[in-house]
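S.K.: Submitted below is the structure of interest, expressed as structure tokens.
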Amino acid sequence: MYNVELAGSQQGLLFDAAECIGCGNCYEACKKENNLPETNKDFLKDHLSNSTYTVVEEYGDMYARKMCMHCLEPTCVSVCPVGAFEKTEFGPVLYDAEKCIGCRYCMQACPHNIPRYEWSSTSPRVRKCVLCYHRLKNGQITACAEACPVEATLSGKLDDLIAEAKRRIKESPDKYYPHIYGQEEAGGSNVLIISPVPFEQLGYSSKVPKVSMPDFTSKAMEKIPTVVSVGGIFLTGMYWLTKRKNQIAKERRAHLKDEINDEK
Amino acid sequence: MKLMMKNNFKLSFWKIISVIIAVLGIYSLAVRFVKGLGSSTNLSDNVPWGLWIGFDFIGVGLAAAGFTIAAVAHIFNNHKYESIARPAILTAFIGYMMVVALLIIDLGKPENFWHPLVMWNVHSVMFEITWCVICYSTVLTIEFAPVILEKFNLTKIQKFIKKITVPVIICGVLFSTLHQSSFGSLYLIVPAKVYPLWYSSYLPLHFFISCIAAGLSMIIFESYLCARAFNRGLNINILSGLAKGVFAAVVIGAVFKFADLTADGKIPFLFAQANETYAFWLEIIIGTVVPVFILTSHKLKVNRTGIYFASIFAISGFILNRMNVCVTSLVRSSGENYRPSFEEISITLFLVLIAMLAFKLIVENFQVFEKEKHQTDSISAKQEIFSKNLIFNKQNEC
């Protein structure tokens, strides 16, 4: 379930697919804010890449934004062998290219398939949305939320956004599918999405487990001390036992030999 | 005379192949390091891991005899297997070196390969793997050192190593156990991406059991190759002991796998019309059904050829399993049909070539195998009479 305590002072983002008009201002603002080169003349045909941290996708007469969800207990943070990912104090999940070794486990493991890689570089970095960490820190809202001409992308305190999402769904139950995507998915995230239709129809995976992802690994990892200690004791014991067994067998053989010799 | 010529031709044939592989491998390595992973591999944002990761699993799995045989011979004090401890440890050592090389080639920032030594994240399976590789490689070096030391008569160090052998081997068994299973643990965190036939919360255990069959099979297979190349084989007594181990591991692995699938209610997937289903059954038939069939058929049980064939099938099944887990099982969720690039394949082959040459070089110059002639094994030779017409055996005895 959603961990409200953890989300207490968290900042977040709410995307409302019912309000989105598909203008692409958020896409442009994100490119500008992060100094990213143009990747496609038609933003609706673009996709996430190492130079595109957010996209607007067209589904009939509806639009869906895709970007890093900034999970409360991020998979990327947990799987990175060198701790190159960090869940910062108020929400954004940040990446440190200096630490990264390039194993790409973060990309393989991300439940939302977000991280992108600089494949053509000889010193490639993982690229993704940073939830405008630098702006939030200065008390500003994210560039995409600021650029949104309607109230489709909101930036603010996570608690307020949850309340707002609930209010919208409650006030217009006909307009919304009764679920806040990101509240439970992958154990909850700082980015939330509401939509008029089931989320699968807008390309948001319904397969994402509604539990904290790192738990899948930690269940196995926490058995390591047991394996090592029990295994160590077992092997030492077996060494001692089998050695003793061989020794006794040897002695018995020698003894038998002596007896036979005596009888002779 | 005819045979000599044939042999010469064969040697030069393999030499030519080796040179070609080496040239292509070096070229591909140059492409990989000059132009980056994007131009040298078919990896993408949707398929960040490919052939190389699969090959790491395979290399480490086939090296598993290093810890099983060391444990049987030196911990369980079953001295019958002492004679194969050295080839098993050498195999493991070379396998691990190859995997380390490939892991570094596969890293986006190979120059940062040392970071896990100082930047820790104990929650990461990849971190665990890195440390297991480092620790077990160290153990393997210590385990194999006597072979080198005795050649140069360095008795003092030899004595010291002999003193610490048992604890070192125990550590080796523990590191290996963790390492083999942790490859399975890598995929625990992607339950929604791995196809149900391969995903299991017991994935680490599945990986561990299957590596034992693969490792023992590898020793059998090597003994066959060595019997051909150096006229040094294993006696049938040890071979059938190993075959029993393979049999047990394969059967236990299969029973566990199907019990696990049943418990998770995944039986319908076994009969679904899908590529994954075929890949799964291919893996089971080659890796389980055929070896079990060969090893339970009485005629084959006592003869080398049967055991060799069973081991080759077990290894093939194991390779299929690992490739299935890291490629086939993810095709559907990634939406991309990944095929390894020319560079990925040629670099992999190049590393295999280096590994084989290293093995050959060490076996020729150090006492890895016991000084025992293959032909002197007359009892087994008699048992093999009925299958003499098989090409494999003919070459064995030449």
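From first to last, the protein sequence lines stand for chains A and B.
The numbering used here puts the first sequence at residues 633 to 896.
The numbering used here puts the second sequence at residues 822 to 1219.
No residue lacks a Cβ here, since even glycine has one placed at the ideal position from N, Cα and C.
1) Does any C-beta atom of chain B lie closer than 8 Å to the C-beta of residue 848 of chain A?
2) Measure the C-alpha to C-alpha separation of residue 782 of chain A and residue 708 of chain A and round it to an integer number of angstroms.
3) Taking residue 940 of chain B as the query, report the chain A residues whose CB atoms sit under 7 Å from its CB, ordered along the chain.
4) The beta strand (DSSP E) that contains residue 1109 of chain B, what's its start and end?
5) If we call anything under 8 Å between Cβ atoms a contact, is residue 1060 of chain B one with residue 1030 of chain B?
6) Spell out whether any CB of chain B is found under 8 Å from the CB atom of residue 827 of chain A.
7) Answer with yes or no whether the minimum CB distance from residue 875 of chain A to chain B is below 8 Å.
8) Span of the beta strand (DSSP E) holding residue 696 of chain A?
9) Determine the direct distance from the alpha carbon of residue 1145 of chain B to that of residue 1101 of chain B, and round the result to whole angstroms.
10) Residue 1027 of chain B CB to nearest chain A CB: under 8 Å?
11) Taking Cβ to Cβ, would you say residue 792 of chain B is nearer than 8 Å to residue 913 of chain B?
12) Taking beta-carbon pairs under 7 Å, can you tell me which members of the stretch 989 to 1023 of chain B lie near chain A?
13) Taking C-beta pairs closer than 8 Å, name the residues in chain A that residue 928 of chain B reaches, listed in chain order.
14) Select from the stretch 850 to 866 of chain A all residues with a C-beta closer than 8 Å to any C-beta belonging to chain B, and list them in chain order.
15) For residue 987 of chain B, which residues in chain A fall below 7 Å Cβ to Cβ?
16) May I have the straight-line CA-CA distance separating residue 886 of chain B from residue 862 of chain B, to the nearest angstrom?
17) Taking Cβ positions, are residue 1166 of chain B and residue 872 of chain B nearer each other than 8 Å?
18) With distance defined between alpha-carbon atoms, name the residue in B:1154, B:1116 and B:1083 nearest to residue 1097 of chain B.
19) Applying the criterion that 16 or more other CB atoms from any shown protein chain within 10 Å of the CB defines a buried residue, is residue 686 of chain A buried or exposed?
20) Kindly say whether residue 841 of chain A, judged by its beta-carbon, lies nearer than 8 Å to any beta-carbon of chain B.
21) Considering just the uninterrupted stretch of the beta strand (DSSP E) at residue 690 of chain A, what are its terminal residues?
22) Between the C-alpha atoms of residue 659 of chain A and residue 780 of chain A, what's the straight-line distance to the nearest angstrom?
23) In chain A, what lies closer than 7 Å to residue 1177 of chain B by C-beta?
24) Would you say residue 821 of chain A and residue 701 of chain A are within 8 Å of each other, going by their C-beta atoms?
25) Taking the alpha helix (DSSP H) that residue 914 of chain B belongs to, which residues open and close that run?
26) So, is the C-beta of residue 706 of chain A closer than 8 Å to a C-beta in chain B?
27) With residue 1151 of chain B as the anchor, note down where its beta strand (DSSP E) starts and where it stops.
28) With a threshold of 7 Å on Cβ separation, who are the neighbours of residue 1045 of chain B within its own chain once the five nearest residues in sequence on each side are excluded?
29) Using the beta-carbon count (16 or more within 10 Å), is residue 1125 of chain B buried or exposed?
30) Can you grab the Cα-Cα spacing for the pair residue 651 of chain A / residue 996 of chain B, in whole Å?
31) Can a CB atom of chain D be found closer than 8 Å to the CB of residue 949 of chain B?
32) Short of 7 Å in beta carbon distance, which residues of its chain neighbour residue 1156 of chain B, apart from the five on each side in sequence? Order them along the chain.
33) Run through DSSP, which three-state label would residue 643 of chain A get?
34) Check distances from the C-beta atoms of the stretch 885 to 897 of chain B to those of chain A and list, in chain order, the residues that come in under 9 Å.
35) Among A:843, A:881, A:716 and A:756, which one has its Cα closest to the Cα of residue 869 of chain B?
36) Check whether the Cβ of residue 1153 of chain B sits closer than 7 Å to any heavy atom of the ligand NAP, and report yes or no.
M.R.: The structure says:
1) The residue given as residue 848 of chain A occupies position 216 in the first sequence. Between residue 848 of chain A and chain B, the shortest Cβ-Cβ separation is below 8 Å.
2) Taking the first sequence and counting its residues from 1, the one referred to as residue 782 of chain A is at position 150. Taking the first sequence and counting its residues from 1, the one referred to as residue 708 of chain A is at position 76. Taking the straight line from one Cα to the other gives about 32 Å.
3) For the purposes of this step, residue 940 of chain B is taken as residue 119 along the second sequence, with counting starting at 1. Contact annotation for residue 940 of chain B against chain A: 714, 715 and 731 [CB-CB distance below 7 Å, chain order].
4) Start at 1 with the first residue of the second sequence, and residue 1109 of chain B comes out as number 288. No beta strand (DSSP E) holds residue 1109 of chain B; DSSP gives it neither H nor E.
5) Sequence index remark: in the second sequence, residue 1060 of chain B carries index 239 (1-based). Sequence index remark: in the second sequence, residue 1030 of chain B carries index 209 (1-based). Not in contact: residue 1060 of chain B and residue 1030 of chain B (Cβ atoms no closer than 8 Å).
6) Here residue 827 of chain A refers to the residue found at position 195 of the first sequence. Residue 827 of chain A does not count as touching chain B.
7) Taking the first sequence and counting its residues from 1, the one referred to as residue 875 of chain A is at position 243. Residue 875 of chain A belongs to the set of residues whose beta carbon lies under 8 Å from a beta carbon in chain B.
8) If you number the first sequence from 1, residue 696 of chain A lands on position 64. Counted as a single uninterrupted DSSP element, the beta strand (DSSP E) harbouring residue 696 of chain A occupies residues 694 to 698.
9) Along the second sequence, read from residue 1 onward, the residue named residue 1101 of chain B stands at position 280. Along the second sequence, read from residue 1 onward, the residue named residue 1145 of chain B stands at position 324. If you draw a straight line from the Cα of residue 1101 of chain B to the Cα of residue 1145 of chain B, it is about 8 Å long.
10) Working through the second sequence from its first residue, we reach residue 1027 of chain B at position 206. At a cut-off of 8 Å between beta carbons, residue 1027 of chain B makes no contact with chain A.
11) The requested residue 792 of chain B does not occur in the structure, where chain B is confined to residues 822 to 1219.
12) Within the stretch 989 to 1023 of chain B, the residues whose Cβ lies closer than 7 Å to some Cβ of chain A are 991, 994, 995, 998, 999, 1006, 1009, 1010, 1011, 1012 and 1013, listed in chain order.
13) Residue mapping note: residue 928 of chain B aligns to position 107 of the second sequence, counting from 1. Here the neighbours are 733, 734 and 735.
14) Per Cβ criterion, the list reads 850, 851, 852, 853, 856, 859, 860, 863 and 864.
15) Counting from 1 along the second sequence, the entry for residue 987 of chain B is found at position 166. Within 7 Å Cβ-Cβ: 871.
16) The residue labelled residue 886 of chain B in the question sits at position 65 within the second sequence. The residue labelled residue 862 of chain B in the question sits at position 41 within the second sequence. In this structure, the alpha-carbon of residue 886 of chain B lies about 31 Å from that of residue 862 of chain B.
17) Taking the second sequence and counting its residues from 1, one reaches residue 1166 of chain B at position 345. Taking the second sequence and counting its residues from 1, one reaches residue 872 of chain B at position 51. Cβ distance < 8 Å, so residue 1166 of chain B and residue 872 of chain B count as in contact.
18) On the second sequence, position 276 is the one that residue 1097 of chain B refers to. Closest by alpha carbon: B:1154.
19) Within the first sequence, the letter at position 54 stands for residue 686 of chain A. Its Cβ being crowded by 16 or more others within 10 Å, residue 686 of chain A is buried.
20) As a position in the first sequence, residue 841 of chain A is number 209, starting the count at 1. It does: the Cβ of residue 841 of chain A has a partner Cβ on chain B nearer than 8 Å.
21) Numbered from 1 along the first sequence, position 58 holds the residue referred to as residue 690 of chain A. Looking at the DSSP string, the run of the beta strand (DSSP E) that includes residue 690 of chain A is 687 to 691.
22) Reading the first sequence from its first residue, position 27 is the one you call residue 659 of chain A. Reading the first sequence from its first residue, position 148 is the one you call residue 780 of chain A. Straight-line Cα distance between these residues: approximately 10 Å.
23) Within the second sequence, the letter at position 356 stands for residue 1177 of chain B. Against chain A, the beta carbon of residue 1177 of chain B has no neighbour under 7 Å; the closest one sits roughly 27 Å away.
24) Against the first sequence, residue 821 of chain A aligns to sequence position 189. Against the first sequence, residue 701 of chain A aligns to sequence position 69. Yes, they are a contact pair.
25) Position 93 of the second sequence, counting from 1, holds the residue named residue 914 of chain B. Run containing residue 914 of chain B: 903 to 927, per the alpha helix (DSSP H) assignment.
26) Translated into the one-based positions of the first sequence, residue 706 of chain A becomes position 74. Closer than 8 Å to the CB of residue 706 of chain A there is not a single CB belonging to chain B.
27) Along the second sequence, one-based indexing puts residue 1151 of chain B at 330. Residue 1151 of chain B -> not in any beta strand (DSSP E); alpha helix (DSSP H) instead, spanning 1150 to 1155.
28) Translated into positions along the second sequence, residue 1045 of chain B becomes position 224. In the same chain as residue 1045 of chain B, and ignoring 5 residues on each side of it, the C-beta atoms closer than 7 Å to its own belong to 1129, in chain order.
29) Within the second sequence, numbered from 1, the residue matching residue 1125 of chain B stands at position 304. Buried, since its Cβ has 16 or more Cβ neighbours within 10 Å.
30) Residue numbering aside, residue 651 of chain A sits at position 19 when the first sequence is read from its first letter. Residue numbering aside, residue 996 of chain B sits at position 175 when the second sequence is read from its first letter. Cα atoms of residue 651 of chain A and residue 996 of chain B: separation of roughly 55 Å, rounded to the nearest angstrom.
31) Of the protein chains in the structure, A and B, none is chain D.
32) Residue numbering aside, residue 1156 of chain B sits at position 335 when the second sequence is read from its first letter. Excluding its 5 nearest sequence neighbours in each direction, residue 1156 of chain B has C-beta neighbours in its own chain below 7 Å: 867, listed in chain order.
33) Here residue 643 of chain A refers to the residue found at position 11 when the first sequence is read from its first residue. The answer is strand: DSSP assigns residue 643 of chain A an E or B state.
34) In summary, the residues of the stretch 885 to 897 of chain B whose CB is separated from some CB of chain A by less than 9 Å are 892, 895, 896 and 897, in the order they occur in the chain.
35) Taking the first residue of the second sequence as position 1, residue 869 of chain B is located at position 48. The residue with the shortest Cα to Cα distance from residue 869 of chain B is A:756.
36) Summarising the ligand content, the structure contains no ligands, and the ligand NAP is consequently not present.
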